[in-house]
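Read left to right, the sequence shown gives residues 8 to 395 (this note's numbering). Below is one structure; the comments refer to it alone.
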Amino acid sequence: MTGGEARTTLLRAARAVDVSGIVEDPWLLLDGDTIRATGSGPDAPAAEEVIDLGTATITPGFVDLHGHGGGGGAYDHPDQIPTGLAVHRAHGTTRSVISLVANPVPVLVDHLTAIRALAARDPLVLGAHLEGPFLSPDNRGAHHPAYLVPPEPDAVAALLTAGEGVLRQITIAPELPGAERAIPAVVEAGVVAAVGHTTADHGTAQRAFDLGASMLTHAFNAMPGIHHRAPGPISAAIADDRVTLELILDGVHVAPAVARILLRAAPGRVALITDAMAAAGSPDGDYMLGDLGVRVTDGVAHVAGSDTIAGSTLTQDAALRIALTQTDVSLVDAVAALTAVPAGAIGEGERLGRLAPGYAADVVAFRGDWTVAGVWAAGVPVAGASAD
């Protein structure tokens, strides 16, 4: 092609799955970075390239709202972000929000600037998520305690200003001083406020949702659990239809039996995330998450010298396999939890997460065992995920 013309590609497969349902014998016409047309059966439009995926099942590309790295690359080092993204894209994650752990506010400002520049070059990067610094020191997880601060107006304003146009989400512990002012300010700036890394009770979490918070950061992790007399933030999020609940479905962070309960209790509102750190797609060993050392053993990451889980080594295709084999969720709902649900949670539901005309040409092809056979991101085949 010359002169910047879009290339058309026709994909055929045995089955297509998205939030709308299942289609047998589907075809998709990709026109550059957009799906131009869809259908099923033998009659399909002409295209410059026709790819028959045989018995494969195709889904929309996955959207990861919360990840910290992969392939040895940590997103808190901007020059390493492309390394991590390459690993996750080969596993079906075509759109990513870059999550940052707690750091001093000036450091986070610099990182937001770097992510803005990256997103301008790479449309598969949806923006940034500040998981810190507005977290409870009593439920900080793998965030450096020295960098945690309350969400005071100056710090919030500095990060919102630095993140204009690129910041998608900020996690806030709603019991912290200043949180009830910070949450509306974040939402007014067009950024998702999430409740997480918190000691909040049910009432405090519900007030946060009433103030505009619309996400729960990695449900069950770094927060009080559901107790029959102290239900906590998880039950508040389940009860509120405005709230999307992140879930790390790696079989470690949350037992599949508990994940099954959550998926049933909040249908259409659970977004499967990776919360992956640099060791995703890499061998066991020693890594860094921010300024904290992490030891990975048998694929499980812990803060060095402790039993505190430090992110995951998960990829989203593995989360799909666990959902399908260990939670009893339907195929359509499992795929939606990786595509349409997270896209909608950050206001991208009109262009991402479906196999439909006008949506992004993000497609994942799967073999019968739900391993990835091919990935197209914005209409371009992803290296390392070539179709058979």
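C-beta atoms are modelled at their ideal positions from N, C-alpha and C, and glycine is treated no differently.
Between the CA atoms of residue 81 and residue 289 - distance to the nearest angstrom: Rounded to whole angstroms, residue 289 to residue 81 spans 12 Å at the Cα level.
Three-state class that DSSP yields for residue 294 in the structure shown: Per DSSP, reduced to three states, the secondary structure at residue 294 is strand.
Which listed residue (93, 107, 26, 52) has its alpha carbon closest to that of residue 67: 26
For residue 69, three-class secondary structure by DSSP: Reduced to three states, the DSSP call for residue 69 is strand.
Sufficient close CB pairs (3 or more, under 8 Å) joining the stretch 149 to 164 to the stretch 116 to 135: no
Residue 390 versus residue 183: straight-line alpha-carbon distance, rounded: 44 Å
Backbone secondary structure at residue 193 - three-state DSSP: Looking at residue 193 - three-state DSSP - the assignment turns out to be helix.
Separation of residue 236 from residue 94, as counted between CA atoms: Those two C-alpha atoms are separated by around 43 Å.
Candidates 269, 187, 118, of which the one nearest residue 225 by Cα: 269
Length of the line joining the Cα atoms of residue 187 and residue 218: Approximately 7 Å, taken between the alpha carbons.
Residue 373, enclosing beta strand (DSSP E) - first and last residue: 370 to 373
Secondary structure of residue 233, DSSP reduced to three states: DSSP places residue 233 in coil when its eight states are reduced to three.
Touch test, the stretch 51 to 61 against the stretch 271 to 285, Cβ-Cβ under 8 Å, three pairs minimum: Fewer than three beta-carbon pairs drawn from the stretch 51 to 61 and the stretch 271 to 285 are found closer than 8 Å, and the two stretches are therefore not classed as touching.
Close Cβ partners of residue 88 (< 7 Å) along its chain, the five nearest in sequence each way excluded: 80, 82, 105, 125
Under 7 Å between C-beta atoms of residue 65 and residue 336: no
Stretch pair the stretch 167 to 177 + the stretch 204 to 219: three plus CB contacts closer than 8 Å: no
Given residue 223 as reference, the closest of 294, 374, 307, 181 once Cα atoms are compared: 181
C-beta atoms of residue 323 and residue 99 nearer than 7 Å: yes
Element boundaries [beta strand (DSSP E), containing residue 87]: Counting along the chain, residue 87 falls outside any beta strand (DSSP E), and DSSP gives it neither H nor E.
At least 3 beta-carbon pairs within less than 8 Å: the stretch 366 to 386 vs the stretch 39 to 52: Taking a cut-off of 8 Å for Cβ pairs, the stretch 366 to 386 and the stretch 39 to 52 touch, as three or more such pairs fall below it.
Within 7 Å, strictly: CB atoms of residue 54 and residue 17: Cβ distance < 7 Å, so residue 54 and residue 17 count as in contact.
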